[in-house]
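Those letters in the sequence shown? Residues 0 to 320, by numbering that gives the first Met the number 0.
Take a look at the structure set out below.
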Amino acid sequence: MVVVTRPATEPRPTPSSPYRRGPGFRVSPHAVAHSKEDVVKVQKVLVAGAGQMGAGIVQVAAQAGLQAVMIDIADEFIAKGMAGIEKQLGRAVDKGRLSAADRDAALGRIATGLDVSAGADADLFIEAAPESIDIKRGLLEAAAGVLRPDAIMATNTSSLSIGVLSSYVKSRARFVGIHFFNPVPAMALVEVVRGPETTDETVVAARDFCVAVGKTPITVKDSPGFVVNRILFPMINEAVQALSEGVASADDIDTGLKLGANFPMGPLALADLVGLDTTKAILETLEHDLGDARYRPSALFDEYLAAGKLGRKSGQGFYTY
Ligand code: CAA
């Protein structure tokens with residue numbers, strides 16, 4: 000197979016960008032293994048984080064017949080995550096898309112715990128913790144200490160460098176980004192992000208896992224915002240700025256993009272879904288790592304965040320929930 004190396008598309012250089020090119024960046028993100036002999040088949044997944052993303056990943060894994068362990072730092076977060084999964088599966092039963100027996104079987108495949116030792120025998124670890132490098136570092140180091148040496152380790156980060164995060168695990172070769180989209184059960188895409196030292200076998204194992212849980216993977220280079228967020232979030236930011244400038248009401252901006260561009264939901268409703276804090280953090284990371292002011296978050300984010308309006312999760316954002 001001829002692996003086509005794309006022309007140099009370096010991120011705009013910034014002195015502190017974690018994305019400055021190292022030799023590993025010259026590997027094509029599209030390269031895949033020729034043989035699957037050494038590829039780990041994932042049968043059990045350990046997910047750190049019981050929030051929107053973590054619980055969603057656990058749900059789709061359990062529904063696909065995999066064993067899933069969901070951990071978080073407190074029982075209340077686990078309980079909230081499980082309640083969300085039960086609600087989603089219950090809706091699927093009500094709609095006649097899932098039998099009650101299959102719902103119960105899926106729930107029976109989910110275990111929970113308060114630290115990584117609850118899933119030490121997992122084939123795949125995915126951290127889906129908040130976008131804090133310190134929190135992720137702690138989790139990755141702890142997981143690397145208990146998992147089998149052949150286990151794949153992954154991060155669901157939407158904005159941090161896979162290369163930087165890979166420095167916290169024992170095997171950078173077995174470390175990969177597996178980036179799901181929100182809401183996980185409804186969104187078909189996963190970005191599989193190749194870090195500087197990720198092997199073809201690890202990329203194949205990650206892609207196979209995505210397919211096994213019903214998703215379509217794309218393989219992406221470790222670059223700020225990967226593909227989707229890099230393109231999507233400036234658009235959301237522009238909608239927030241248009242609102243701030245009084246161009247139109249939130250409803251009219253969203254209706255404009257829904258009916259004028261066939262978006263399933265408007266960009267302001269989408270910001271509420273993602274969370275205004277997360278949306279702002281992603282834009283800040285893009286601005287910093289790409290070194291380009293056009294990603295700078297609209298000042299309107301600060302007003303909403305200062306008022307505790309985080310979007311759906313706080314009951315109030317651009318809309319009331
Ligand atoms: N959790 C789980 N499943 C959900 C859900 C939720 N919060 N909301 C909706 N769904 C599911 C429903 O169960 C339903 O499933 P079925 O078709 O199997 O019945 C399906 O999604 C459609 O739901 P609805 O009919 O109730 O509503 P809809 O047709 O308006 O779709 C939507 C809802 C799927 C959220 C749709 O509006 C949409 O696709 N919006 C865009 C979402 C998007 O762009 N996400 C990416 C965000 S960026 C990101 O995630 C990256 C990051 O790093 C932060």
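The beta-carbon is built from N, C-alpha and C at its ideal position, and this holds for glycine as well.
Can you tell me whether residue i is helix, strand or coil according to DSSP?
i, result
"Ile132", "helix"
"Ala91", "helix"
"Phe208", "helix"
"Val219", "strand"
"Ile235", "helix"
"Ile77", "helix"
"Gln66", "strand"
"Val168", "coil"
"Glu244", "coil"
"Ala119", "coil"
"Val46", "strand"
"Ala150", "coil"
"Gly112", "strand"
"Ile72", "coil"
"Tyr318", "coil"
Can we count residue i as close to the ligand CAA, meaning its CB is less than 7 Å from some heavy atom?
i, result
"Val382", "The requested residue 382 is not part of the displayed model; the chain covers only 0 to 320."
"Thr198", "no"
"Asn261", "no"
"Arg136", "no"
"Val264", "A small correction: the amino acid at residue 264 is Met; Val does not occupy that position in the sequence shown. Checking every heavy atom of the ligand CAA against the Cβ of Met264, one is found closer than 7 Å."
"Thr284", "no"
"Phe180", "yes"
"Pro184", "yes"
"Gln87", "yes"
"Lys220", "no"
"Ser248", "no"
"Leu324", "Examination of residue 324 is not possible in this model, given that the chain is present from 0 through 320 alone."
"Asp157", "For the sequence presented, residue 157 should be read as Ser rather than Asp. Answer for Ser157: yes, Cβ within range of the ligand CAA."
"Thr154", "no"
"Leu231", "yes"
"Thr254", "no"
"Lys94", "yes"
"Val163", "no"
"Thr215", "no"
"Val57", "no"
"Asn236", "no"
"Val226", "no"
What's the C-alpha gap between residue i and residue j?
i, j, result
"Val44", "Ala67", "5 Å"
"Ala104", "Arg147", "27 Å"
"Met186", "Asp207", "17 Å"
"Gly21", "Glu196", "Confidence is the limiting factor: at Gly21 the pLDDT is only 42, short of 50, which leaves the residue's position unreliable, though a coordinate-based value still follows. Spanning the two alpha carbons is a distance of roughly 10 Å."
"Pro28", "Ser160", "Bear in mind that a pLDDT of 46 at Pro28, under 50, signals an unreliable position, so the number given afterwards is only what the model happens to contain. Taking the straight line joining both Cα atoms gives about 15 Å."
"Ile56", "Arg229", "22 Å"
"Arg173", "Thr218", "15 Å"
"Phe225", "Phe76", "28 Å"
"Ala210", "Gln87", "Here residue 210 turns out to be Val, not Ala, going by the sequence shown. One C-alpha to the other measures close to 21 Å."
"Leu242", "Asp101", "45 Å"
"Thr319", "Asn261", "23 Å"
"Asp71", "Ala142", "13 Å"
"Arg311", "Thr277", "12 Å"
"Phe124", "Asp250", "40 Å"
"Val189", "Ile177", "7 Å"
"Val246", "Met69", "44 Å"
"Ser157", "Leu139", "16 Å"
"Ala54", "Ala63", "14 Å"
"Asp149", "Ala119", "12 Å"
"Gly89", "Ala292", "45 Å"
"Lys94", "Pro184", "15 Å"
"Gly259", "Asn236", "18 Å"
"Thr111", "Phe179", "21 Å"
Rounded to whole angstroms, how far is the Cβ of residue i from the Cβ of residue j, which I believe are closer than 8 Å?
i, j, result
"Ala47", "Ala127", "6 Å"
"Val168", "Met152", "5 Å"
"Asn181", "Val273", "6 Å"
"Val38", "Val203", "5 Å"
"Val239", "Phe300", "7 Å"
"Val175", "Pro216", "Between Pro216 and Val175 the Cβ distance is about 11 Å, and since that is not below 8 Å, they are no contact."
"Glu85", "Leu106", "7 Å"
"Ala171", "Gly194", "Note that residue 171 is Arg in the sequence shown here, rather than Ala. Rounded, the Cβ-Cβ distance is 7 Å, consistent with contact."
"Glu283", "Pro263", "About 26 Å separates the two Cβ atoms, so there is no contact after all."
"Leu256", "Phe317", "About 13 Å separates the two Cβ atoms, so there is no contact after all."
"Ala121", "Gly80", "Not quite, the Cβ-Cβ distance comes to about 17 Å (not below 8 Å), so this is no contact."
"Ala280", "Glu130", "5 Å"
When the cut-off is 8 Å and only beta carbons count, does residue i lie next to chain B?
i, result
"Glu283", "Among the protein chains of the structure shown there is no chain B, as only one such chain exists."
Return yes when at least one heavy atom of the ligand GTP lies under 7 Å from the C-beta of residue i, else no.
i, result
"Thr111", "Questions concerning the ligand GTP fall outside what the structure shown contains, since the ligands it does hold are the ligand CAA."
Report the start-end ranges of each beta strand (DSSP E) in the region 170–205 that is 3 residues or longer and not cut off at the edges.
DSSP runs (the beta strand (DSSP E)) wholly in the region 170–205: 174–179 and 188–193.
At 4 residues or longer, what runs of the alpha helix (DSSP H) sit wholly inside the region 252–280?
As for any alpha helix (DSSP H) of minimum length 4 sitting wholly inside the region 252–280, the runs are 266–273, ordered along the chain.
Length-filtered (4 minimum) alpha helix (DSSP H) runs lying within the region 276–315:
Whole alpha helix (DSSP H) segments, 4+ residues: 299–305.
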